[in-house]
Amino acid sequence: MREIKNICVYCGSSIGADPRHTVAARALGAALARAGIGLVYGGGAIGLMGVLAKATIAAGGVVTGVIPEFLDDREIPFAGATELIVVKDMHTRKRLMFERSDAFVALPGGVGTLEELTEQLTWIQLGRHTKPLVIADIAGFWRPLLSLFAHMHNEEFIREDYDVRYLVAERVEDILPMIFAAIRHTPDISETAVTERL
Numbered sequence: 015m016r017e018i019k020n021i022c023v024y025c026g027s028s029i030g031a032d033p034r035h036t037v038a039a040r041a042l043g044a045a046l047a048r049a050g051i052g053l054v055y056g057g058g059a060i061g062l063m064g065v066l067a068k069a070t071i072a073a074g075g076v077v078t079g080v081i082p083e084f085l086d087d088r089e090i091p092f093a094g095a096t097e098l099i100v101v102k103d104m105h106t107r108k109r110l111m112f113e114r115s116d117a118f119v120a121l122p123g124g125v126g127t128l129e130e131l132t133e134q135l136t137w138i139q140l141g142r143h144t145k146p147l148v149i150a151d152i153a154g155f156w157r158p159l160l161s162l163f164a165h166m167h168n169e170e171f172i173r174e175d176y177d178v179r180y181l182v183a184e185r186v187e188d189i190l191p192m193i194f195a196a197i198r199h200t201p202d203i204s205e206t207a208v209t210e211r212l
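Taking this note's numbering, the leading residue of the sequence shown gets 15, the next gets one more, and so forth.
Below is the structure:
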C-alpha cells in the first residue's frame with residue numbers, strides 16, 4: 015500500500031460567507047497534524063488557506079506552501095509555513111503541488127480552487143495518475159458542481175470508459191479514512207512517468 019506522506023488541499027483565499035467553511039478548514043488542518051501527514055497548499059496566509067495552514071502548524075504539523083511571486087500582495091505568503099516555495103508562475107506552482115502530494119482535497123473556494131480541482135479530475139480521467147481526490151462538500155458547497163457532473167454524464171459528455179473518479183465527503187472527519195481506503199484499492203503509477211506526461 016502506498017504511504018500518504020503529504021496531502022494537497024485546494025481552498026479559497028477568502029473565508030466565504032458560511033462560517034462552517036472556516037470550521038472545516040481548521041478541523042482539517044488539525045486532523046492532518048494528528049495523523050502525521052504534511053499539508054501542501056497554495057502558500058497564502060489569508061482566507062481558508064490561511065486558516066488551514068495556521069491550524070496545521072498550531073497542532074504541530076508540517077506545512078509546505080507554494081506561491082507564485084506575483085501573488086505576494088494578493089494572497090500574502092504565510093511566513094509561518096515549515097517550507098515556503100516562491101515560484102515564477104502558476105504552472106510551476108501546480109506542478110510542484112502535484113509532485114509533492116500523495117492525495118488531493120478540495121475545500122470550498124472560488125474560481126482558482128475550481129480550476130485546480132477540475133485539472134486534477136481531468137488528469138485522473140485521462141489516466142495520468144491514480145492519487146485519491148476528495149471533494150469536501152462542506153454544507154453542500156460543491157453540490158451544484160456535482161449536479162453538473164451528473165448532467166454531463168447523462169448527456170454522454172463523460173463516457174463510461176472515461177469516467178471521472180473522485181470521492182465526496184460531507185464531513186471533515188471522513189476525509190482521511192476515505193483516502194486511506196482508496197489507496198488500499200488503487201494501483202500505483204510511476205511518479206516519473208506521470209510527471210513526464212503532464
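Cβ coordinates follow ideal geometry from the N, Cα and C atoms, glycine included. Quick caveat: nothing in here was measured; it's all calculated off a predicted structure.
- Look at the beta carbons and you see the segment 117 to 127 not touching the segment 95 to 102: under three pairs across the two are nearer than 8 Å.
- Judged by their CB atoms, Ala45 and Gly74 are not nearer to each other than the 7 Å cut-off.
- Sequence-distant Cβ neighbours of Ile71 in its own chain, meaning closer than 6 Å and more than five residues away, are Val77 and Gly94.
- Secondary structure in the segment 52 to 125: the beta strand (DSSP E) runs of 3 residues or longer, each lying completely within the stretch, are 52 to 55, 77 to 82, 97 to 101 and 117 to 120 in chain order.
- When secondary structure is reduced to three states using DSSP, Tyr24 falls in the strand class.
- For Val37, the enclosing alpha helix (DSSP H) covers residues Pro33 to Ala49.
- For Val80, same chain residues with a beta-carbon under 6 Å away, outside a window of 5 residues either side, are Gly57, Ile99, Arg107, Leu110 and Met111 in chain order.
- Non-local C-beta neighbours of Ala59 in its own chain, meaning closer than 6 Å and more than five positions away in sequence, comprise Ile90 and Phe92, ordered along the chain.
- DSSP places Ala150 outside any alpha helix (DSSP H); the residue lies instead in the beta strand (DSSP E), whose first and last residues are Leu147 to Ala150.
- Scanning its chain for C-beta atoms nearer than 6 Å, with the 5 sequence neighbours on each side dropped, one finds no residue around Glu133.
- Gly154 and Tyr24 have their alpha carbons spaced roughly 17 Å apart.
- In this structure the segment 175 to 188 touches the segment 134 to 153; the number of beta carbon pairs closer than 8 Å is three or more.
- Val37 and Lys102 have their C-alpha atoms spaced approximately 32 Å apart.
- Non-local C-beta neighbours of Asp32 in its own chain, meaning closer than 6 Å and more than five positions away in sequence, comprise Ala153, ordered along the chain.
- For Ala183, the enclosing beta strand (DSSP E) stretches over residues Leu181 to Ala183.
- Counted as a single uninterrupted DSSP element, the alpha helix (DSSP H) harbouring Phe163 occupies residues Arg157 to Asn168.
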